Structure formats: structure tokens, C-alpha cells
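Following: one structure in C-alpha cells, then a few remarks.
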Amino acid sequence: SLSSAVTAIMARGPKKHLKRLAAPRHWMLDKLSGVWAPKPSAGPHKSRECMPLIIFLRNRLKYALNGKEVVSILMQRLVKVDGKVRTDKTYPTGFMDVITIDKTGENFRMLYDAKGRFTIHRITAEEAAYKLCKVKTVAVGARKVPYITTHDGRTVRYPDPLIKPNDSVKLDIKTNKVVDFVKFDVGNLVTVIGGRNMGRVGVITHRERHQGSFDIVHVKDAIGQTFATRLGNVFVLGRGNQALVSLPRGKGVKLSIAEERDRARAKASKQ
996 SLSSAVTAIM ARGPKKHLKR LAAPRHWMLD KLSGVWAPKP SAGPHKSREC MPLIIFLRNR
1056 LKYALNGKEV VSILMQRLVK VDGKVRTDKT YPTGFMDVIT IDKTGENFRM LYDAKGRFTI
1116 HRITAEEAAY KLCKVKTVAV GARKVPYITT HDGRTVRYPD PLIKPNDSVK LDIKTNKVVD
1176 FVKFDVGNLV TVIGGRNMGR VGVITHRERH QGSFDIVHVK DAIGQTFATR LGNVFVLGRG
1236 NQALVSLPRG KGVKLSIAEE RDRARAKASK Q
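Take any residue in the sequence shown, note its place counting from 1, add 995, and you have its number in this note's numbering.
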């Protein structure tokens, strides 16, 4: 019958699998080690903009040889993300998340390198106590309670009235309280979290407003290169050129292929 034909075509719920070739490129999975990739669970970061814990522990840190070992690590409740124990191997960690492994005394912050890939960035215990969050919306909720929502799915009630969308707030992970905030202003340090210039760091030089379209932000990096990106791709890191978090190796400066080659040759000749 027609109804049974229609139900045969319809998908039942969200997809539960992910083919390896369809996985995000920045996970850097090889093509030949199987058909499948870990499908990120639903969580605070988008599926294409996150890194599941299994990839971080197995492929990056090499603390496990396979998925079964990752599960046995997580089930011992050894891994915390933003101060909370996570036992889901496909839990989506994303930009600015703090991963803590108490047993080894290590803390990591999820940051992009200049090529737009998540990098292993070790941080101190003091720095692991806070994170920066980009403010997405400022609104008034039930009973006229003002609140903000952030890029990692948090809601913070009763924020400072000076906080506006696109600003960054410094959040104490333990208390979920805002301890400081940085305005989105010309002259402040930003990083790019989407688009062609993902991972690059620089200072805002100019903002172009386009009514009914995307505002464009012009950024100048530490070696004087300028580039432009959409407002939605920009994440404020600090006032002036001082970042509130430590940056990974390279400090978000993108080198040309020739410059990378010259540096590699100079390094090789020293050894």
C-alpha cells in the first residue's frame, strides 16, 4: 500500500552512523583504517565543529590503542570536560573546552592551530579553572530575568548589563559565574573559529556593517598580514594584544608554504 511505501522511505530519527570519508577533515583520520568514524553525540558543540573524546584520547594523545581501551579509561571516571566527568566516548569537545585528566595531572584546552585543526595544547591547573565563552544572545527570560547564551550552550543569568552579543566572557568553570568580560572592539585581540582563516589570531582593525547581510571584520596578525572574515567567525581573546588564555605553538600566525619549507630546512640543518 501507499502508506507502507512512504514509511519505508522515511528515516526514523537522527543518523547514528558516520562514514570515515564524511568525517570532518580536521579530525585527520586516514582513509584506509576502516569504513566508519565515531559519530559525535548530541552536545554543546556542533557535530562538524567538535572533536569526540575517543579521537582526542586515541588518535591525538595515543593513551589508547583502540575504542575498547578508550571506554575502559572513561569508565574509570578519569576524564573531565569543563570540570564534569564524561564517560561517553563520543562526547563532543569543542573550542575553549578544558579537558582534565587528574591521574596524569594534565590539563588541555581545545584550541585551533593556524591551519584550523584542533591541537594538543597543555595548560596549567590555574588556567584550567576558567574558559572564555563567546556571547551569542542577550535576552530577558521568564519573570524578567536577564540572561546570556554562549557558544558552548551555556545560559548565564543576571549578567553585567554592559555585556552584548559577540563579546567574550571569562567564565569560572567551577561556579559557572562570569568573572570578567572583553568587549568586541577595534584594537582587541581575536581568533577566527570558522571559514578559510580558521585558527588565525590578530587584532581587529575595522568592522564593515552590511544591513541585511553579513558584517565583515578586518584583522591584522602579529607579522602585519591582514585578512577579513565574517563577524560570526570571530572570537575575542583579550584586550589590546594580550590574550586571556595561552595560545598554542605558532601563536595563530599563518605562514606561506615557502616560509614553512624554509623553517623546516633551518630546523633540520640545526640538528
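All C-beta atoms, glycine included, are put in the ideal place defined by N, C-alpha and C.
The structure presented is a predicted model; accordingly, all values stated were derived computationally and were not measured.
Residue environment: residue 1184 is assigned as buried (16 or more neighbouring CB atoms within 10 Å of its CB, all protein chains considered). Between residue 1074 and the set 1124, 1096, 1087, the nearest pair of CA atoms involves 1096. Counting only runs of 4+ residues, the alpha helix (DSSP H) found wholly inside the stretch 1040-1072 occupies 1062-1069, in chain order.
Nearest Cα to residue 1124 within the set 1009, 1076, 1088, 1159: 1076. For residue 1158, no beta strand (DSSP E) segment is defined, and its DSSP state is neither H nor E. In the DSSP assignment, residue 1261 falls outside any beta strand (DSSP E) and lies within the alpha helix (DSSP H) extending over 1252-1265.
Sequence-distant Cβ neighbours of residue 1030 in its own chain, meaning closer than 8 Å and more than five residues away, are 1014, 1015. Cβ-Cβ distances below 7 Å link residue 1082 to 1069, 1070, 1072 in the same chain, with the five nearest sequence neighbours on each side left out; the list follows chain order. In chain order, 1095, 1117 place their CB closer than 8 Å to the CB of residue 1101, counting only its own chain and leaving out the 5 sequence neighbours on each side. The C-alpha of residue 1261 is placed about 54 Å away from the C-alpha of residue 1153. In the same chain as residue 1230, and ignoring 5 residues on each side of it, the C-beta atoms closer than 7 Å to its own belong to 1129, 1163, 1185, 1186, 1188, in chain order. Counting only runs of 3+ residues, the beta strand (DSSP E) found wholly inside the stretch 1069-1109 occupies 1074-1076, 1093-1096, 1101-1107, in chain order.
When rounded, the separation of the alpha-carbon atoms in residue 1007 and residue 1167 is 40 Å. If you draw a 10 Å sphere on the C-beta of residue 1219, you find fewer than 16 other C-beta atoms in it, and that means exposed.
For the options 1180, 1252, 1044, 1134, the alpha carbon positioned closest to that of residue 1155 is the one of 1134. From the listed residues 1253, 1254, 1247, the smallest Cα separation to residue 1107 is found for 1247.
In the three-state DSSP reduction, residue 1006 falls in the coil class, being neither helix nor strand.
Ranking 1033, 1201, 1265, 1142 by CA distance to the CA of residue 1065 puts 1033 first. Contact annotation: the stretch 1201-1215 does not touch the stretch 1236-1243, with fewer than three C-beta pairs closer than 8 Å. According to DSSP, residue pairing for residue 1175 in a beta bridge involves 1165. With a beta-carbon spacing of about 24 Å, residue 1114 and residue 1131 fall beyond the 8 Å limit used to define contacts. Taken atom to atom, the span from the alpha-carbon of residue 1011 to that of residue 1038 is near 14 Å. Annotation: residue 1099 to residue 1121 spans about 16 Å, alpha carbon to alpha carbon.
If you ignore the 5 residues before and after residue 1088, its C-beta comes within less than 8 Å of the C-beta of 1040, 1045, 1046, 1047, 1048, 1051, 1076, 1094, 1105, all in its own chain and listed in chain order. Judged by DSSP in its simplified three-state form, residue 1227 adopts helix.
Look at residue 1124 here: in three-state DSSP terms it is helix.
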